[in-house]
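Start counting the sequence shown at 0; every next residue gets the next number (numbering that gives the first Met the number 0).
Below you'll find the structure, written out as structure tokens, and then a few comments.
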Amino acid sequence: MTQKNRKSDSTIDLVYAEQVIEAEASAVRGLTRLVSEPSFAQTVRLFHECTGSVIVTGIGKAGIVGSKISATLASTGTASHFLHPAEAVHGDLGRVQNDDIVLAMSHSGESDEILRLIEPLKQRDIRLVSIVGDPDSRLARHSDVVLSMGILIEACPLGVAPSVSTTCMLALGDALALTVMKARQFSAEEYARFHPAGALGARLMTVGQTMWFKPDEPLPLAAMTDTLAQMLDETAALKRRGAVMIVDADGRLAGIITDGDLRRAISTYGAAALQQTTRQVMTADCKRVRPDTLAAEAMAIFHKFRIDELPVVDADDKPVGLIDVQDIVAIKIVG
0 MTQKNRKSDS TIDLVYAEQV IEAEASAVRG LTRLVSEPSF AQTVRLFHEC TGSVIVTGIG
60 KAGIVGSKIS ATLASTGTAS HFLHPAEAVH GDLGRVQNDD IVLAMSHSGE SDEILRLIEP
120 LKQRDIRLVS IVGDPDSRLA RHSDVVLSMG ILIEACPLGV APSVSTTCML ALGDALALTV
180 MKARQFSAEE YARFHPAGAL GARLMTVGQT MWFKPDEPLP LAAMTDTLAQ MLDETAALKR
240 RGAVMIVDAD GRLAGIITDG DLRRAISTYG AAALQQTTRQ VMTADCKRVR PDTLAAEAMA
300 IFHKFRIDEL PVVDADDKPV GLIDVQDIVA IKIVG
């Protein structure tokens with residue numbers, strides 16, 4: 000190690016770094032008492048029953064945290080937008096509708112930019128919820144609901160840079176958003192609709208959303224009594240010929256025939272292979288999935304059993320589709 004590096008290392012206080020993390024973690028743990036206060040449940044109820052949007056506002060670091068909280072609300076089923084308080088008093092208050100709820104965030108509760116919003120909101124009877132440190136601040140006194148974290152000591156060496164307070168705001172905002180999400184019984188399918196382009200959404204897509212065949216389309220089906228020649232003739236015009244699902248007399252899935260099964264039949268029976276029945280050649284008791292199975296679960300089956308095709312069946316075990324491993328690869332799920 001060079002002399003320069005030794006000098007640099009001596010200025011890095013790793014004990015202090017641990018103290019910063021401990022200070023923030025301890026403050027977040029302290030927020031659990033806030034959950035048992037009536038204001039928390041009241042806020043969740045307001046957000047859940049809101050017929051408009053939850054408008055989140057804050058200045059500086061609190062505003063950055065507020066923007067993230069708004070994004071979490073929006074992606075988990077609660078309509079939400081972030082409103083910059085400085086822009087709000089220059090016309091953007093027009094974005095706030097009468098059925099909206101405003102969530103204002105300020106540790107001190109005395110930020111001028113936030114305080115200037117109070118009177119215009121009150122004139123329109125728009126409900127105001129605040130996340131503050133000081134419960135006696137002007138913002139708190141003029142709010143319909145107050146979530147007071149208590150006056151927090153920042154972890155900054157100077158005691159001024161927002162750190163403990165913004166971490167607590169973020170944790171409290173997540174607790175609100177996700178509690179409302181649970182109250183809405185927000186489903187994985189709904190979450191996927193809000194995240195169609197990302198890896199999160201892709202992993203929440205279902206087999207029914209992914210498979211090549213759609214409802215009422217002709218499926219590659221053959222009866223157990225059909226010969227291979229009949230099966231090939233009947234399915235030749237279908238758009239996908241990687242496998243044929245074999246059904247019994249009641250239309251239930253009995254097995255599957257893939258190109259590998261055909262090669263084995265030719266190897267076994269030679270020229271007579273085409274005269275064999277599908278029952279003699281098929282792979283019986285094959286793996287299958289339901290339309291509501293997650294595509295990621297289907298990919299796990301493909302990997303585990305080293306197969307490329309999976310029949311998709313309904314509650315009566317009747318085929319409704321066929322999914323290929325490439326269908327899932329196409330949506331960037333690799334298992």
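Just so it is clear, CB atoms sit at the ideal spot from N, CA and C, and this is done for glycine as well.
Can you grab the Cα-Cα spacing for the pair residue i / residue j, in whole Å?
i	j	result
residue 280	residue 225	11 Å
residue 0	residue 172	Below a pLDDT of 50, predicted positions are generally treated as unreliable, and residue 0, at 47, falls in that range; the measurement from the model is reported next regardless. Cα to Cα, the separation comes out at about 45 Å.
residue 329	residue 209	9 Å
residue 151	residue 29	11 Å
residue 317	residue 206	15 Å
residue 274	residue 267	12 Å
residue 262	residue 285	18 Å
residue 31	residue 141	24 Å
residue 86	residue 94	11 Å
residue 232	residue 217	14 Å
residue 90	residue 192	32 Å
residue 17	residue 122	47 Å
residue 108	residue 47	25 Å
residue 310	residue 185	29 Å
residue 212	residue 190	24 Å
residue 66	residue 88	18 Å
residue 235	residue 80	53 Å
Compare the C-alpha of residue i against each of the options and name the closest.
i	options	result
residue 112	244, 27, 56 and 219	56
residue 292	212, 204 and 234	204
residue 358	46, 126 and 321	Residue 358 falls outside the range modelled here, since the chain spans only 0 to 334, and no answer is possible.
residue 249	27, 157, 18 and 222	222
residue 313	299, 288, 294 and 306	288
residue 137	103, 163, 160 and 229	103
residue 157	180, 90, 271 and 15	15
residue 106	61, 115, 83 and 48	61
residue 161	49, 179 and 19	19
residue 315	275, 217 and 251	251
residue 295	187, 230 and 212	187
residue 336	148, 147, 45 and 212	Because the chain in this structure spans residues 0 to 334, residue 336 falls outside the shown range and cannot be described.
residue 174	114, 69, 212 and 236	69
residue 49	305, 179, 66 and 67	179
Which residues in the same chain as residue i place their Cβ atom closer than 8 Å to its Cβ, once the five residues preceding and following it in sequence are excluded?
i	result
residue 177	71 and 75
residue 12	none
residue 194	74, 200 and 203
residue 51	78, 96, 97, 98, 99 and 100
residue 163	22, 23, 26, 151, 152, 153 and 154
residue 253	223, 245, 246, 247, 278, 281 and 283
I'd like the list of long-range same chain contacts for residue i, defined as Cβ closer than 7 Å, with 5 residues on each side in sequence excluded.
i	result
residue 92	119
residue 145	38, 129, 131, 134 and 139
residue 272	227, 264 and 265
residue 36	none
residue 114	137 and 138
Rounded to the nearest angstrom, how far is the Cβ of residue i from that of residue j, given a contact under 8 Å?
i	j	result
residue 243	residue 256	5 Å
residue 43	residue 182	7 Å
residue 241	residue 323	6 Å
residue 282	residue 260	6 Å
residue 58	residue 110	5 Å
residue 84	residue 116	6 Å
Who are the Cβ neighbours of residue i in its own chain at under 6 Å, not counting the five residues just before and after it?
i	result
residue 64	165, 168 and 169
residue 41	144
residue 6	Residue placement at residue 6 is poorly supported in this model, since its pLDDT is 48, which falls under 50; the coordinates still yield a value, given next. Answer for residue 6: no residue qualifies.
residue 230	221, 243 and 277
* To do: Please list the segments of the alpha helix (DSSP H) lying wholly inside the segment 130–208, counting only runs of 4 or more residues, in order along the chain.
  => 137–140, 163–182, 187–193 and 198–202
* Where are the alpha helix (DSSP H) runs, 4 residues long or more, that stay fully inside the segment 274–302, in chain order? -> 277–280
* For the segment 25–95, which segments carrying the beta strand (DSSP E) assignment without a break, of at least 3 residues, lie completely within its bounds, in sequence order? -> 53–57 and 79–81
* Write down every uninterrupted run of the alpha helix (DSSP H) in the segment 226–261 whose length is 4 residues or greater and which is fully enclosed by it, in chain order. => 227–234
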